[in-house]
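Sequential numbering of the sequence shown, starting at 768, is according to the working numbering.
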Amino acid sequence: MSRIHVVELSTATPEQKVLLEAIQKQLGMVPNFLKVFANSPAALQAFLGLHGVASAGSLDPLDRERIALTLAQQNGCQYCVSAHTAIGRKTGLSDEEMAAAREGTSDDPTSAAILKFARSLMARHGEVSALELTEVRSAGVDEAQIVEVITHVGMNFLTNILGKASLVEIDFPSVKLELA
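Have a look at this one:
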């Protein structure tokens, strides 16, 4: 049971209802973590806006999902590991690629560099070294993509802490969170 109220369409305020119905129309469902976000329509709108802008960038959709899986695992968010395993599958990641992403790596050298950089950003609270920036650039990641990786790290950290703080019920096929 969620520790923060899950807003259902049947009990939503008019403002919440508009947002939840738009999500339902776009996704065919309203994930529980967005129902938690809906407690604050302003917070939900901010998240949806950031997600929309971040998804329109130049970062490959597979790398965006790899980042989400890497950080969900690193931050210990079972909801997000489960959600992004389902989304990753739809995006085209294989089970092997998702397992590697959860470990912070990839067979693709550019993706591996992106994940290493994302994990470092998270672990070091953004205080990455000049060498780390040189390494990610050397792997073919341009300045726009570096900024987008930083954006995705921030956005995924937000969803990870929301999932963990709320203990929201997992509404995707549950994936076991294996912590080291």
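Using N, Cα and C, we set each Cβ at its ideal position, and we do this for glycine too.
Values in this document were obtained by computation on a predicted structure and should not be read as measured data.
- Under the three-state DSSP convention, the category Met889 falls into: Locating residue 889 in the sequence shown gives position 122, counting from the first residue. Reduced to three states, the DSSP call for Met889 is helix.
- Message: By alpha-carbon positions, which one of Val942, Asn927 and Leu829 ends up nearest to Asp875?
- Response: For the purposes of this step, residue 875 is taken as residue 108 along the sequence shown, with counting starting at 1. Here the closest residue by C-alpha is Leu829.
- Message: I'd like to check one pair, Ser873 with Ser941: are the Cβ atoms closer than 8 Å?
- Response: Indexing the sequence shown from 1 puts residue 941 at position 174. Indexing the sequence shown from 1 puts residue 873 at position 106. Not closer than 8 Å, so no.
- Query: Should the segment 830-837 be called in touch with the segment 917-925, which here means at least 3 C-beta pairs below 8 Å?
  - Reply: yes
- Message: Check for me: the alpha helix (DSSP H) holding Ile834 runs from which residue to which?
- Response: Numbered from 1 along the sequence shown, position 67 holds the residue referred to as residue 834. Start and end: Pro828 to Asn842.
- Message: Just verifying my parser: in three-state terms, what is the DSSP assignment at Asp862?
- Response: The count along the sequence shown starts at 1 and reaches residue 862 at position 95. Under the three-state reduction of DSSP output, Asp862 falls in the helix class.
- Message: What residue range does the alpha helix (DSSP H) around Val942 cover?
- Response: Reading the sequence shown from its first residue, position 175 is the one you call residue 942. From DSSP, Val942 is part of no alpha helix (DSSP H); its letter is neither H nor E.
- Message: Less than 8 Å between the C-beta atoms of Ser769 and Val935, yes or no?
- Response: As a working note, residue 769 is residue 2 in the sequence shown. As a working note, residue 935 is residue 168 in the sequence shown. Taking 8 Å as the Cβ cut-off, Ser769 and Val935 qualify as a contacting pair.
- For Met796, is the classification buried or exposed, using 16 other Cβ atoms within 10 angstroms of its Cβ as the cut-off for buried? As a working note, residue 796 is residue 29 in the sequence shown. Burial call: exposed.
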